[in-house]
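Student: Counting from 24, one number per residue, gives the positions in the sequence shown under the numbering used here.
The beta carbon of each residue, even a glycine, is placed where N, CA and C say it ideally should be.
Just dropping this structure here.
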Amino acid sequence: MESTESSARRQDIRDAFQQISHLPFPVYVSDIAGNFLFANAKARLFFGLETDQGLEGCNIRLYYENPQEREGLLNKIRTVEPGNWLEDLTVRLHVQQEPHKIRFVCQPFFDGNRQLQALLCIGDSMSDLEWFAEFEDTFQAGFFEMDHQLLIADCNATFAKLLHFNSPAEVKGRPVGSLFWEPEKAQALRLEIMEHPHLKDCQLKLRRTDGAMVIVKMSCITTMRDVGEISRVKGVIRDVTFEMIQEEMPVGLFLVNTDQNGKEIFSRVTQALARIFGFDSPDDLLTRAIADFHPSPAAYEAFRGELQKSASLGKPLLDYYMEVQDHHGKRRNVVTNVRYVTDENHHLRVGAAYDVTDHVSRHRRTLEANFSAVLHTYIATINGLRDTLNMLIRAHGHGIRKNDGGVDRLVAAAELNRHRNRFETLFSEMKKIATERGIDSRPLAGVQKYWNNLAATKETEKDNAAWSRRNLIEIRKSLESLKSLPFPRELLKNSRAEADEMLRLTSMISISISVDEINDRIPDFYYFRNYLLRGESMQQEMKATNIVPLMHDALQHLEEFASVNKVSVVQHFNPKEVMLVNCHRSSLSRALHSILHNAIKYSWSKRLEDRPPWIDVRMEKKTTEVEIIVENWGVPIRREELEDGKIFQFGRRGRESEDRGRAGTGIGLYDAFEVIKEHGGHLHLSSEPTFGNQQNIYTNPFITKAFITLPIVP
Numbered sequence: 024m025e026s027t028e029s030s031a032r033r034q035d036i037r038d039a040f041q042q043i044s045h046l047p048f049p050v051y052v053s054d055i056a057g058n059f060l061f062a063n064a065k066a067r068l069f070f071g072l073e074t075d076q077g078l079e080g081c082n083i084r085l086y087y088e089n090p091q092e093r094e095g096l097l098n099k100i101r102t103v104e105p106g107n108w109l110e111d112l113t114v115r116l117h118v119q120q121e122p123h124k125i126r127f128v129c130q131p132f133f134d135g136n137r138q139l140q141a142l143l144c145i146g147d148s149m150s151d152l153e154w155f156a157e158f159e160d161t162f163q164a165g166f167f168e169m170d171h172q173l174l175i176a177d178c179n180a181t182f183a184k185l186l187h188f189n190s191p192a193e194v195k196g197r198p199v200g201s202l203f204w205e206p207e208k209a210q211a212l213r214l215e216i217m218e219h220p221h222l223k224d225c226q227l228k229l230r231r232t233d234g235a236m237v238i239v240k241m242s243c244i245t246t247m248r249d250v251g252e253i254s255r256v257k258g259v260i261r262d263v264t265f266e267m268i269q270e271e272m273p274v275g276l277f278l279v280n281t282d283q284n285g286k287e288i289f290s291r292v293t294q295a296l297a298r299i300f301g302f303d304s305p306d307d308l309l310t311r312a313i314a315d316f317h318p319s320p321a322a323y324e325a326f327r328g329e330l331q332k333s334a335s336l337g338k339p340l341l342d343y344y345m346e347v348q349d350h351h352g353k354r355r356n357v358v359t360n361v362r363y364v365t366d367e368n369h370h371l372r373v374g375a376a377y378d379v380t381d382h383v384s385r386h387r388r389t390l391e392a393n394f395s396a397v398l399h400t401y402i403a404t405i406n407g408l409r410d411t412l413n414m415l416i417r418a419h420g421h422g423i424r425k426n427d428g429g430v431d432r433l434v435a436a437a438e439l440n441r442h443r444n445r446f447e448t449l450f451s452e453m454k455k456i457a458t459e460r461g462i463d464s465r466p467l468a469g470v471q472k473y474w475n476n477l478a479a480t481k482e483t484e485k486d487n488a489a490w491s492r493r494n495l496i497e498i499r500k501s502l503e504s505l506k507s508l509p510f511p512r513e514l515l516k517n518s519r520a521e522a523d524e525m526l527r528l529t530s531m532i533s534i535s536i537s538v539d540e541i542n543d544r545i546p547d548f549y550y551f552r553n554y555l556l557r558g559e560s561m562q563q564e565m566k567a568t569n570i571v572p573l574m575h576d577a578l579q580h581l582e583e584f585a586s587v588n589k590v591s592v593v594q595h596f597n598p599k600e601v602m603l604v605n606c607h608r609s610s611l612s613r614a615l616h617s618i619l620h621n622a623i624k625y626s627w628s629k630r631l632e633d634r635p636p637w638i639d640v641r642m643e644k645k646t647t648e649v650e651i652i653v654e655n656w657g658v659p660i661r662r663e664e665l666e667d668g669k670i671f672q673f674g675r676r677g678r679e680s681e682d683r684g685r686a687g688t689g690i691g692l693y694d695a696f697e698v699i700k701e702h703g704g705h706l707h708l709s710s711e712p713t714f715g716n717q718q719n720i721y722t723n724p725f726i727t728k729a730f731i732t733l734p735i736v737p
């Protein structure tokens, strides 16, 4: 004992030790430096100390597997009120050259200044099972036990929560078949576990109490009573719904980091990406240098240059087409979307890539002759992905869904704000309790940091949702670290519930934005399909065709696209009028569709109450020609691009066309120009400023007009 410790205090500690020294467990006292003061026979036996050996020179620190671990325990012990015991402490020790896992309880003794002086401890060894059991509630896995009738005999809170039950008590006694998405498959499970008593990673579809499907992987161990009779089944399930979506998505996802030598390497990839580079397993691609898969150093640097350029503008690199080579040296064509991870100083990036090799290699023969056999999969995949995201909205978007099944983002934002206010109140209460009880406030700093981050506003709604989600995940992690502190359990539980709900809402907002983006891109896929099929129609003879219904059909086809983009379309012609032109019907329809689609897509996206975005469509029959004018209020086209005709070049997109992430192929205007020219007509564009701003100021909307003239049938 330190010399400053009063004899009265030492006697108090001795008395406390003697009162419990008869217990059949190791009981000992150590001072703040770790020196043993008292130890009963069990403790001496456990630590390998002779019965008649003095305790001088014996220190508990010598037994710690990690001496620094004791400092963490002392910090936790210092928070205990004098006279109280701290339970369920665990530590790894090395005693007589053997590792031991120890669980102990401790009563601290303080001096008059509330400085920790000594520890009275009762400890005992733990089995591996006991050691890991304490982490059960921390892991996001559901533990369960079934009896011989396959009734749920027991489960943990995670199991109940995964199926949206309020507590394990609500699950106990239920037939396992009642939890299945398809109850009739319970019998198949019985046969499976009888045939394979040690079942691992069996995929099941379960039904939550709110009707949503959750896909899990189950591993279990079955005890058989007799041949053909089950006695008991114990196991664990984990939610793999989102993992399945990630793995089944026909797009290669990747994480790239910079190693200690400054080389960019694959750190995480999906099976789809491994296949692009010719590997059977994602593990075969990990840690390989990115540069090795580019056909030349120049190609690699060109890609990096475009990525850096986009990053300097705070944007991801989208729809970047490039050639790569797999590990067999075979060239492949891919399209990638990639961005640097925020705050990682360009040392970490994430992205997706899909293989278009077959399309490129056969684009003249196969794509034009039989496009449906090549691009149909892409369109079906995008539609399937949209359906999958809509299923997620239906499953997890309770309370914020619109009548059409999407997410009402205004309602979601209002709900999010309500839960933020609740969390703010709970967190304020937590800080108040920390102050009142003298709890170390440093663990709260993590929560405070990421909570403060939520106040930062990003440029777009999508970035805001992603930013909020990232910080809410960190808030959840920080809340987990508070479990060991003496906060009211209900307060911590409610705080976690509010954080979970905010995370759900931000996830639904992100998915809703993704669905809108998919809806925005789908017309491009259909247009591209029609473009590649153009060869068939151009081989046919032109026929006299009424162009009015062609224009009317194109407008109707784009009606949903205009609605999604909140663009008003005004039609200034009579749909019943007749204006005959000689044409290839499908090609001219495609050209009209392209011009209308561009007008809608590039309408001004900044919502102004006094002037919502719009397009006007006019058709007029003149003496020898039909004149069509498509006018929109939107993104400008630079004067130099109009004057030199670059806007009509293949693959060329206007410098302002990527405003707010609008994607495109750079083919539409080129194709429309060529089609109209082949039909003996002419296409030209004008783009003039509004609001009185100068011609070279492109930050305000312009009035852009497409003028089409086609000769009429005499």
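1) Short check: CB of Y625 to CB of N655, under 8 Å?
2) What's the C-alpha gap between E329 and F300?
3) Rounded to whole angstroms, what is the Cα-Cα separation between N476 and N440?
4) Nearest to L185 by alpha carbon, out of P105, K481, I238, C225?
5) Buried or exposed for F265, please, with buried defined as at least 16 other CB atoms from any protein chain shown within 10 angstroms of its CB.
6) Which value, in whole angstroms, describes the spacing of the CA atoms of L109 and K99?
7) Nearest by alpha-carbon distance to R608: which of E643, Q579, N569, S591 is it?
8) Rounded to a whole number of angstroms, what is the C-alpha to C-alpha distance between F167 and V430?
9) So, for A235: in the same chain, excluding its five sequence neighbours on each side, which residues have a beta-carbon less than 6 Å away from its beta-carbon?
10) Could you pull out every residue in the same chain whose Cβ sits closer than 8 Å to the Cβ of G106, ignoring the five residues on either side in sequence?
11) So, with DSSP's three-state summary, where would you put L390?
12) If you count every other CB in all the chains shown that lies within 10 Å of the CB of I534, and 16 or more means buried, which is it?
13) At 3 residues or longer, what runs of the beta strand (DSSP E) sit wholly inside the segment 181-260?
14) In or out: P636 buried (at least 16 other Cβ within 10 Å) or exposed?
15) The alpha helix (DSSP H) that contains S148, what's its start and end?
16) Look at the Cβ atom of R432, then the Cβ atom of E521, and state whether they are nearer than 8 Å.
17) Can you check DSSP and say which residues form a bridge with E801?
18) Can you name, in chain order, every residue of its own chain whose Cβ lies under 6 Å from the Cβ of P737, other than the five neighbours on each side?
19) Looking at L505: is its Cβ nearer than 8 Å to the Cβ of L515?
20) In chain order, what residues of the same chain lie with their CB nearer than 6 Å to the CB of M21, ignoring the 5 residues before and after it?
21) Let me check one thing: in DSSP terms, what residues is L109 bridge-paired to?
22) Find the nearest neighbour of Q226 within the set T232, E218, D303, C243, judged by alpha-carbon distance.
23) Going by CA-CA distance only, name the one from A375, R311, P198 that's closest to G285.
24) Which residues share a DSSP beta bridge with R424?
25) Pull up the distance between the alpha-carbon of M531 and that of K728, whole angstroms please.
26) Leaving out the 5 sequence neighbours to the left and right, which residues in its chain are closer than 6 Å to E497 when beta-carbon positions are compared?
27) Do you know whose CA, among G71, F70, S44, E79, lies nearest G63's CA?
28) Locate the alpha helix (DSSP H) running through I496, then write down its first and last residues.
29) Quick one: residues in its chain with C-beta nearer than 8 Å to the C-beta of S800, no 5 flanking neighbours on either side, listed in chain order?
30) Helix, strand or coil for H607? Go by DSSP, reduced to three states.
31) What is the residue span of the alpha helix (DSSP H) that F696 lies within?
32) Could you tell me the boundaries of the beta strand (DSSP E) in which R84 lies?
33) How would you label Y721, buried or exposed, when you count the other beta carbons within 10 angstroms and need 16 or more for buried?
34) Where I618 and S710 are concerned, what is the direct C-alpha to C-alpha distance, given to the nearest angstrom?
35) Applying the criterion that 16 or more other CB atoms from any shown protein chain within 10 Å of the CB defines a buried residue, is V601 buried or exposed?
36) Are E193 and A209 closer than 8 Å when you measure CB to CB?
Tutor: A quick look at the data gives this:
1) Taking the first residue of the sequence shown as 1, we reach residue 625 at position 602. Taking the first residue of the sequence shown as 1, we reach residue 655 at position 632. Result yes, Cβ atoms of Y625 and N655 sit closer than 8 Å.
2) In the sequence shown, the residue the question calls residue 329 occupies position 306. In the sequence shown, the residue the question calls residue 300 occupies position 277. Answer to the nearest angstrom: the Cα atoms are 22 Å apart.
3) For the purposes of this step, residue 476 is taken as the residue at position 453 of the sequence shown. For the purposes of this step, residue 440 is taken as the residue at position 417 of the sequence shown. Going by the C-alpha atoms only, they are around 15 Å apart.
4) Mapped onto the sequence shown, residue 185 falls at position 162. Closest by alpha carbon: I238.
5) Indexing the sequence shown from 1 puts residue 265 at position 242. Answer is exposed; the Cβ neighbour count stays below 16.
6) Taking the sequence shown and counting its residues from 1, one reaches residue 109 at position 86. Taking the sequence shown and counting its residues from 1, one reaches residue 99 at position 76. Taking the straight line joining both Cα atoms gives about 9 Å.
7) On the sequence shown, residue 608 is found 585 positions in, with the first residue counted as 1. It is N569.
8) Within the sequence shown, numbered from 1, the residue matching residue 167 stands at position 144. Within the sequence shown, numbered from 1, the residue matching residue 430 stands at position 407. Whole-angstrom Cα-Cα distance: 35 Å.
9) The count along the sequence shown starts at 1 and reaches residue 235 at position 212. Once the five neighbours on either side are set aside, the close Cβ partners of A235 are A418.
10) Taking the sequence shown and counting its residues from 1, one reaches residue 106 at position 83. Excluding positions up to five away in sequence, the list reads Q130.
11) For the purposes of this step, residue 390 is identified with residue 367 of the sequence shown, where counting begins at 1. Low local confidence applies: a pLDDT of 42 at L390 is under 50, so the model's placement there is unreliable, with the coordinate-based value given in what follows. Helix at L390.
12) Translated into positions along the sequence shown, residue 534 becomes position 511. With 16 or more Cβ atoms within 10 Å of its Cβ, I534 is classed as buried.
13) 221-230, 236-249
14) By one-based count along the sequence shown, residue 636 stands at place 613. With 16 or more Cβ atoms within 10 Å of its Cβ, P636 is classed as buried.
15) Taking the sequence shown and counting its residues from 1, the one referred to as residue 148 is at position 125. S148 -> not in any alpha helix (DSSP H); beta strand (DSSP E) instead, spanning 139-148.
16) Taking the first residue of the sequence shown as position 1, residue 432 is located at position 409. Taking the first residue of the sequence shown as position 1, residue 521 is located at position 498. Contact flag unset, no.
17) The structure shown does not extend to residue 801, since the chain spans only 24 to 737, so no value can be given for it.
18) Here the question's residue 737 lines up with position 714 in the sequence shown. Excluding sequence neighbours, P737 sits near nothing in its chain.
19) The residue labelled residue 505 in the question sits at position 482 within the sequence shown. The residue labelled residue 515 in the question sits at position 492 within the sequence shown. Cβ distance < 8 Å, so L505 and L515 count as in contact.
20) Because the chain spans 24 through 737 in this model, residue 21 falls outside it and cannot be assessed.
21) Indexing the sequence shown from 1 puts residue 109 at position 86. For L109, which the question treats as bridged, DSSP gives the partners C129.
22) As a working note, residue 226 is residue 203 in the sequence shown. For Q226, the nearest C-alpha among the options comes from C243.
23) As a first step, residue 285 must be located in the sequence shown, where it is residue number 262. Per the Cα distances, R311.
24) Numbered from 1 along the sequence shown, position 401 holds the residue referred to as residue 424. Answer is V430, bridged to R424.
25) Position 508 of the sequence shown, counted from the first residue, corresponds to residue 531. Position 705 of the sequence shown, counted from the first residue, corresponds to residue 728. Each residue's Cα considered, the two are about 38 Å apart.
26) Start at 1 with the first residue of the sequence shown, and residue 497 comes out as number 474. Excluding sequence neighbours, E497 sits near Y473.
27) Looking up residue 63 in the sequence shown gives position 40. The question names Gly, but residue 63 in the sequence shown is Asn. Comparing Cα-Cα distances from N63 to each of G71, F70, S44, E79, the minimum goes to S44.
28) One-based indexing of the sequence shown puts residue 496 at position 473. Counting along the chain, the alpha helix (DSSP H) containing I496 begins and ends at 484-503.
29) There is no way to answer for residue 800, as the model of the chain reaches only from 24 to 737.
30) Here residue 607 refers to the residue found at position 584 when the sequence shown is read from its first residue. Three-state DSSP puts H607 in coil, outside helix and strand.
31) Indexing the sequence shown from 1 puts residue 696 at position 673. Run containing F696: 691-701, per the alpha helix (DSSP H) assignment.
32) Taking the first residue of the sequence shown as position 1, residue 84 is located at position 61. Note, R84: premise wrong, no beta strand (DSSP E); not H, not E.
33) Indexing the sequence shown from 1 puts residue 721 at position 698. It is buried - the Cβ of Y721 has at least 16 other Cβ atoms within 10 Å.
34) To locate residue 618, count along the sequence shown from 1; it is residue 595. To locate residue 710, count along the sequence shown from 1; it is residue 687. When rounded, the distance between both Cα atoms is 14 Å.
35) Mapped onto the sequence shown, residue 601 falls at position 578. Result: exposed.
36) Here residue 193 refers to the residue found at position 170 when the sequence shown is read from its first residue. Here residue 209 refers to the residue found at position 186 when the sequence shown is read from its first residue. Not in contact: E193 and A209 (Cβ atoms no closer than 8 Å).
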